[in-house]
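Mapped onto our numbering, the consecutive letters of the sequence shown carry residue numbers 28 to 404.
What follows is a single structure, written as structure tokens, with notes after it.
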Amino acid sequence: MEQIGSVFGFLGGYILPYILILSLLVFIHEMGHYLAGRWSGIRILAFSVGFGPELVGFTDKHGTRWKISAVPLGGYVRFFGDADAASRPDGTMAEELTEEERAQTLNGAKLWKRAVTVAAGPLANFLLAIVIFAGMFATMGKPVSDPVVADIKPGSAAETAGIARGDILVALDGRAIETFDDVVRYITMRPEIPVEVTVRRNGEEIDFPLVPQRAETSDRFGNKMEVGQIGIITDQQAGNFRIVELSPVEAVWEGVRQTGHIITGTFDYIGNMIAGRMNADQLGGPVRVVQASGQMATLGVIALLNLAAVLSVSLGLLNLFPVPVLDGGHLVLYAIEAVRGRPMGQGAQEIAFRIGMAMILSLMVFATWNDISRLIG
């Protein structure tokens, strides 16, 4: 009985939150494609949340099959004239279509309509993140603390550089900062990268060049990550911790800013990983998402919504990578077509899609290996 209870606990505590979050993100992403495609006059054969065998579904009056499929690892919109769920053109079918029918396919639509239809998926994910963040800011306000140094860790980069208690941080590499979170966000992604810290001391601004030290930190669940640290500490008195109430317009703007922070942070991490300043073990796959979903679920709805927003941005960014099969790959092919004045040949597109599929499968294998390695220590 105890083992049965553990199984149900795992399903309810980890698998269910994962399925709910991923299904929401996939639905929003594919709805972006669907709405843009319908607006562009493209026929849509299927809208699926999940891959594989259909579990339940229905066909609407437009002939679109709406369904939930067995494998909850994504989803797709299949357009009229597609050879598969990756929107690879069906060359054999295209030869048998009339001009009117061809205009209703994704590949036969005008170039700008195809680009809008493809880009609408990632855009929908970004908009979902903005809406979630804006809703949280509007209802709960924005936590704020001033970038004032309350203490400094002995032997840290800040102490070596000469930063002192009571200093007010005003800029990092010339970029103005407003809160202590701005400092943490910027420094975290720059381990062992020179940074110029500007502080205000006794009314005078002073620049301190320093190099953030690489450090390993853990969250409350024991998940470890490598970050940059300079050793400055704030507290309630110095930082004046407070909650700032925001108007609906301000909340939306903060939602946009928060989404932008996630995007820039992602590119910072990728750049650091390529340069060898950060390990690639932070890349996670489905197992990592399942684990994170269960962990956030224990903290409540707000934490789970925050995770959904972060993953929504990540899903949008991933799909914009210039890899054939992904939305970004399609946009690259459309850009080539715009420059050449005609699309790439069917054979070249076929090779590109196969290379793209191999790249995606390799990334999934690598991310899953990271997940398993993290679990077994």
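Don't be surprised by glycine CBs; every beta carbon is placed ideally from N, CA and C.
These numbers come from a predicted model, not from an experiment.
Nearest to residue i (by Cα), restricted to the options the options
{"i": "I290", "options": "I257, L342, I270, V328", "result": "L342"}
{"i": "V158", "options": "H89, T286, E128, R105", "result": "T286"}
{"i": "A302", "options": "E205, A63, I220", "result": "I220"}
{"i": "L82", "options": "L72, K94, F74", "result": "K94"}
{"i": "R241", "options": "E223, E232, T261, I214", "result": "I214"}
{"i": "V430", "options": "R228, R217, M163, L345", "result": "Beyond the ends of the chain as shown, which are 28 and 404, falls residue 430; an answer cannot be given."}
{"i": "D234", "options": "M252, E205, I195, T206", "result": "I195"}
{"i": "L133", "options": "W66, V211, R269, K180", "result": "W66"}
{"i": "L43", "options": "L155, T325, F107", "result": "T325"}
{"i": "K137", "options": "G64, M58, L332, V211", "result": "G64"}
{"i": "M282", "options": "L353, F294, D295, N333", "result": "At residue 282 the sequence reads Gly, which differs from the Met that was named. Ranking L353, F294, D295, N333 by Cα distance to G282 puts N333 first."}
{"i": "E231", "options": "G193, T244, L358", "result": "G193"}
{"i": "G59", "options": "R141, A385, Y296, L360", "result": "R141"}
{"i": "F78", "options": "T86, F54, T187, D87", "result": "F54"}
{"i": "A385", "options": "V352, R369, G374", "result": "V352"}
{"i": "R369", "options": "G135, P349, N346, A73", "result": "G135"}
{"i": "Y61", "options": "D209, S183, T91, T86", "result": "T91"}
{"i": "A130", "options": "G182, R70, S183, A161", "result": "R70"}
{"i": "I190", "options": "E223, A161, L360, T206", "result": "E223"}
{"i": "D109", "options": "D87, L72, D200", "result": "L72"}
{"i": "T205", "options": "M216, R105, T187, R227", "result": "Reading off the sequence, residue 205 comes out as Glu, not Thr. Measuring from the Cα of E205, the nearest candidate turns out to be R227."}
{"i": "I382", "options": "G356, G372, I399", "result": "G356"}
Cβ-Cβ separation, residue j to residue i (assumed contact under 8 Å), whole Å
{"i": "T225", "j": "V197", "result": "5 Å"}
{"i": "A185", "j": "I257", "result": "5 Å"}
{"i": "T261", "j": "A177", "result": "5 Å"}
{"i": "P218", "j": "P236", "result": "With a Cβ gap of about 16 Å, P218 and P236 do not count as contacting."}
{"i": "T293", "j": "L344", "result": "6 Å"}
{"i": "I329", "j": "G168", "result": "With 8 Å as the limit, I329 and G168 do not qualify as a contact, their Cβ atoms being about 12 Å apart."}
Run of the alpha helix (DSSP H) containing residue i, from where it starts to where it stops
{"i": "P99", "result": "Here P99 belongs to no alpha helix (DSSP H); instead the beta strand (DSSP E) covers 92-106."}
{"i": "M216", "result": "Premise fails: M216 is in no alpha helix (DSSP H) and is neither H nor E."}
{"i": "R367", "result": "354-367"}
{"i": "L82", "result": "Not the alpha helix (DSSP H): L82 falls in the beta strand (DSSP E), residues 71-86."}
{"i": "I46", "result": "43-66"}
{"i": "A302", "result": "275-302"}
{"i": "R269", "result": "Unbroken run through R269 is the beta strand (DSSP E), 269-271; no alpha helix (DSSP H)."}
Per DSSP, the bridge partner or partners of residue i
{"i": "V158", "result": "In DSSP, V158 forms no bridge with anything."}
{"i": "P349", "result": "Answer by DSSP bridge pairing: none, since P349 is not bridged."}
{"i": "G255", "result": "R241"}
Segment limits, beta strand (DSSP E) that includes residue i
{"i": "R228", "result": "222-228"}
{"i": "R241", "result": "240-245"}
{"i": "P236", "result": "231-237"}
Residue i: CB within 7 Å of a non-hydrogen atom of the ligand NAP
{"i": "L133", "result": "By its list of ligands, the structure shown contains no ligand whatsoever, and the ligand NAP lies outside what it can speak to."}
Practice task
Would you be able to state if there are at least three C-beta pairs under 8 Å between the segment 172-181 and the segment 85-104?
Solution key: no
Problem - Cβ contact (3+ pairs, closer than 8 Å) linking the segment 144-157 and the segment 264-276 - result: no
Practice task
Say whether the segment 47-63 touches the segment 320-340, bearing in mind that this needs 3 or more beta-carbon pairs closer than 8 Å, one atom from each stretch.
Solution key: yes
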